[in-house]
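Below: the structure, in structure tokens.
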Amino acid sequence: MTHVAMTIAGSDSGGGAGIQADLKTFQELGVFGTSALTAVTAQNTLGVHGVWPLDPEAVTAQMDAVFDDFRVSAVKTGMLFSSDIIRAVARSLEKAGRPALIVDPVMIAKGGAHLLQREAAEALVKELIPLAAVVTPNIPEAEELTGTEIHSEADMEDAARRLLRMGARAAIIKGGHRTDERRASDLYVDADGNRMIFSSERIATKDTHGTGCTFSAALTAFLASGKELPEAAEGAKRFILAAIADGLGLGAGHGPTNHWA
Ligand code: PLP
């Protein structure tokens with residue numbers, strides 16, 4: 068049986084993040100990838116050189132066209148850019164009967180470019196997090212969404228529980244930004260009372276562009292093909308670790324992770 072996944076995200080012309088990372092990862096993990104583009108970025112390993120958001124109507128039309136014709140097992144969101152696009156996405160998901168949703172709350176690229184307008188974080192909290200089977204912020208994103216500062220594992224857990232209170236069924240706080248820690252540890256909590264830490268060695272590399280997108284795409288692929296959380300989360304952690312360890316050395320800046328399984 069062919070499982071279908073959808074990514075709602077921005078295009079990265081450099082191919083390391085966004086829609087491109089998501090579709091490559093879906094393919095590697097054996098699920099059929101569909102997409103709704105939210106924005107076009109001109110981008111390479113040195114940074115984001117331009118952002119052109121699409122009309123929210125175009126996002127709705129892409130989503131509705133896919134939902135009208137395919138049985139989509141899991142949907143992920145990445146770069147959504149504006150509160151208008153977020154509202155359009157939420158409406159289309161409601162219309163489609165609330166498919167399993169993975170929210171990667173993409174906000175700022177490593178180089179500092181805003182992939183989500185500042186005022187749109189509130190729409191993310193109000194409109195999308197309540198629909199999420201799982202939300203996957205990194206530390207800065209978790210701090211922004213929950214209004215807390217994260218310095219410890221206890222702070223990560225506090226932020227994760229706040230995300231559950233906002234309506235997400237599960238949260239994974241990715242610890243990769245805590246560079247004071249020797250290991251990279253992600254915290255998983257869910258509304259059923261499970262709590263797990265996925266911990267790995269920290270890999271010294273500059274090729275980490277698109278890690279967040281690739282992690283959440285792998286998680287989406289595992290959920291689409293029938294794995295349950297938190298097993299899917301563990302699989303996604305393993306996939307991203309291998310992807311970072313096998314960097315491709317492309318470009319002069321922060322190169323992409325590879326996407327090969
Ligand atoms: N560009 C797009 C279109 C993205 O969706 C993302 C995802 O987070 C990024 C860039 C971020 O890339 P980086 O991993 O370099 O922060």
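Reading the sequence shown from the start, the letters are residues 68 to 328 in the working numbering.
Where is the CB? At the ideal position from N, CA and C, for every residue including glycine.
Small disclaimer: the values here were computed from a predicted structure and weren't measured.
Secondary structure at residue i, three-state DSSP: helix, strand or coil?
{"i": "S292", "result": "coil"}
{"i": "D257", "result": "strand"}
{"i": "T324", "result": "coil"}
From which residue to which residue does the beta strand (DSSP E) around residue i run?
{"i": "L104", "result": "F99 to N111"}
{"i": "G320", "result": "Run containing G320: none; DSSP gives neither H nor E here."}
{"i": "A300", "result": "No beta strand (DSSP E) holds A300; the alpha helix (DSSP H) holding it covers E298 to A312."}
{"i": "H116", "result": "G114 to P120"}
Output yes or no for whether 8 Å exceeds the beta carbon distance between residue i and residue j.
{"i": "P323", "j": "G114", "result": "no"}
{"i": "R250", "j": "L198", "result": "no"}
{"i": "V256", "j": "L195", "result": "no"}
{"i": "L254", "j": "M233", "result": "no"}
{"i": "T105", "j": "F134", "result": "no"}
{"i": "K177", "j": "S283", "result": "no"}
{"i": "G145", "j": "T108", "result": "no"}
{"i": "H326", "j": "T92", "result": "yes"}
{"i": "R154", "j": "A190", "result": "yes"}
{"i": "E186", "j": "S150", "result": "yes"}
{"i": "A227", "j": "A200", "result": "no"}
{"i": "A141", "j": "I169", "result": "yes"}
{"i": "A72", "j": "A288", "result": "yes"}
{"i": "V202", "j": "A258", "result": "no"}
{"i": "I307", "j": "A291", "result": "no"}
Please classify residue i as buried or exposed, where buried requires at least 16 neighbouring CB atoms within 10 angstroms.
{"i": "S219", "result": "exposed"}
{"i": "R245", "result": "buried"}
{"i": "M68", "result": "exposed"}
{"i": "I311", "result": "buried"}
{"i": "E208", "result": "buried"}
{"i": "K162", "result": "exposed"}
{"i": "D89", "result": "buried"}
{"i": "V304", "result": "In the sequence as presented, Val is not what sits at residue 304; that position holds Lys. So K304 ends up on the buried side."}
{"i": "D136", "result": "exposed"}
{"i": "A300", "result": "buried"}
{"i": "G97", "result": "exposed"}
{"i": "H116", "result": "exposed"}
{"i": "N111", "result": "buried"}
{"i": "G316", "result": "exposed"}
{"i": "A271", "result": "exposed"}
Any alpha helix (DSSP H) of 4 or more consecutive residues that is wholly inside the stretch 130-205: 150-162
Inside the stretch 200-282 only - alpha helix (DSSP H) runs reaching at least 4 residues: 206-213 and 220-232
Ordered list of beta strand (DSSP E) runs contained in the stretch 68-97, each at least 3 residues: 71-79
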